[in-house]
Amino acid sequence: MHCLCSKGRLLFVGTIKLCVDQQGEGGRGGKDGRKKEEGMIEVERKFVPCAVGVVALLADARPLGPPVRELRDEYWDTPRADLMRHDLWLRLRNASWQLKVKVEAYTPAESNEKSVKGGIDRYEEVDDVSRIVSLVARAISAANGGRLARQMHAFDDKNSDADAIFRAAGLSAVAAVCTRRKSYLKPFRSSSVRIDIDESDFGYAVGELELLVEHPDECPRAERILDELANEYALSSHTPPSKLAVYLEMRNPRLYHELHASGLL
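Residue numbers for the sequence shown follow the numbering used here, so the first one is 109 and each next one is one higher.
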């Protein structure tokens, strides 16, 4: 494993997906950590994979899936980035639509759990195209949202072309990131940890711990588990940017700085 550097920035990415199951390995993501139900919340913590502990992290991990997976992500938005400004991330991954929706931290008053600050993200990843169209329609401007809403009445995710519907509402691809991914599965206490090692087509990399939970009130515990995992393997406390953030900084610096200043990247 190696790291490339450019202007002082690390250019190697690893992603760890942690699927917890209180009854044994596999968790809600299934034994191979790949399956998850609609509505599950992804609690994420990025890391720098060339940290000292990464070699130990992978020592007892087994390969998962093909040796290398090719991912092509197109991120879609309006010219004014209405979705990204609402912390909604619409992407076409290998011809399948996905929408990442920010989930706010939630801790019940009676709970002793405390949310971990810094470096933790919480997202629901929506795969149902009808729901994606509905959420996008609500988020974009009134005029475009109205057009999109009208088209939704006739929308059938089996027979309709979501690309055409989004284009008619003024959306288009604003970023394209190609990734070569190597995946592993690692046991961790009563959990199964999926480790994804990503390398983008522009040479950048980022690490991410991910825990799937069913309800926002489970997020604080999930965050604590991710921090414990990172500490156990001496992963860097530095939170590296995402692949999309680096892409936008390189290709669309104006949008990058606007989103970064708003705390969205």
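Note that CB positions come from ideal geometry on N, CA and C, so glycine has one too.
CA nearest to the CA of residue i, picked from the options
i: Pro328; options: Asp229, Ser204, Arg188; result: Asp229
i: Lys290; options: Ala353, Ala245, Phe274, Ser308; result: Ser308
i: Lys294; options: Ala284, Ala313, Tyr341; result: Tyr341
i: Leu166; options: Leu367, Thr347, Leu343, Arg177; result: Leu343
i: Glu178; options: Asp304, Pro187, Arg275, Ala353; result: Asp304
i: Pro171; options: Glu357, His368, Arg302, Thr347; result: Arg302
i: Arg288; options: Val314, Ser299, Met192; result: Val314
i: Val282; options: Val162, Arg362, Ser249; result: Arg362
i: Ala159; options: His346, Glu366, Arg275, Ser299; result: His346
i: Ser299; options: Ala330, Arg246, Asp271, Asp269; result: Ala330
i: Asp168; options: Glu212, Leu356, Asp269, Phe296; result: Phe296
Inter-residue Cα distance where the pair is residue i and residue j
i: Val237; j: Leu198; result: 11 angstroms
i: Ser370; j: Arg332; result: 26 angstroms
i: Val244; j: Ala277; result: 10 angstroms
i: Arg142; j: Glu150; result: Reliability fails at Arg142, whose pLDDT of 42 lies under 50, so the model's placement of it is uncertain and the value that follows must be treated cautiously. In a straight line, the C-alpha of Arg142 is about 13 angstroms away from that of Glu150.
i: Gly324; j: Leu334; result: Checking the sequence, you will find Pro at residue 324 rather than Gly. For Pro324 and Leu334, the distance between alpha carbons rounds to 16 angstroms.
i: Gly173; j: Pro157; result: 20 angstroms
i: Ile273; j: Ser204; result: 15 angstroms
i: Gly147; j: Leu319; result: 13 angstroms
i: His368; j: Gly311; result: 21 angstroms
i: Arg359; j: Ser242; result: 29 angstroms
i: Pro72; j: Asp306; result: Shown here, the chain extends from 109 to 373; a query on residue 72 therefore has no answer.
i: Val354; j: Glu322; result: 30 angstroms
i: Glu336; j: Glu233; result: 24 angstroms
i: Arg193; j: Glu326; result: 26 angstroms
i: Glu212; j: Tyr231; result: 8 angstroms
Residue i: first and last residue of the uninterrupted beta strand (DSSP E) it sits in
i: Asp309; result: Where Asp309 is concerned, there is no enclosing beta strand (DSSP E), given that its DSSP letter is neither H nor E.
i: Ala281; result: 280-296
i: Ser204; result: 204-210
i: Asp269; result: Element bounds for Asp269: n/a, residue is neither H nor E.
i: Leu196; result: 196-201
i: Val151; result: 149-155
C-beta contact flag for residue i and residue j at 8 angstroms
i: Ser208; j: Glu316; result: For clarity, residue 208 is Lys in the given sequence; the question names Ser instead. Cβ atoms of Lys208 and Glu316: not closer than 8 angstroms.
i: Leu373; j: Asp195; result: no
i: Lys210; j: Val285; result: no
i: Gln206; j: Asp185; result: no
i: Ile248; j: Leu191; result: yes
i: Asn202; j: Arg188; result: no
Own chain, CB closer than 7 angstroms to residue i, minus 5 neighbours either side, in chain order
i: Ala338; result: Arg153, Phe155, Leu317
i: Ala164; result: Tyr341
i: Glu366; result: none
i: Glu357; result: Tyr364
i: Ala270; result: Trp205, Val237, Val241
i: Tyr385; result: One cannot answer for residue 385 here, as it falls past the ends of the chain, which runs 109 to 373.
i: Leu279; result: Trp184, Asp185, Thr186
Close Cβ partners of residue i (< 6 angstroms) along its chain, the five nearest in sequence each way excluded
i: Leu200; result: Glu182
Run of the alpha helix (DSSP H) containing residue i, from where it starts to where it stops
i: Val244; result: 237-247
i: Leu334; result: 327-340
i: Glu322; result: Here Glu322 belongs to no alpha helix (DSSP H), and DSSP marks it neither H nor E.
i: Ser176; result: Checking the displayed sequence, the identity of residue 176 turns out to be Val instead of Ser. Where Val176 is concerned, there is no enclosing alpha helix (DSSP H), given that its DSSP letter is neither H nor E.
i: Asp190; result: 190-193
i: Val163; result: 162-167
i: His388; result: Outside the shown range of the chain (109 to 373) lies residue 388, about which nothing can therefore be said.
i: Leu356; result: 351-359
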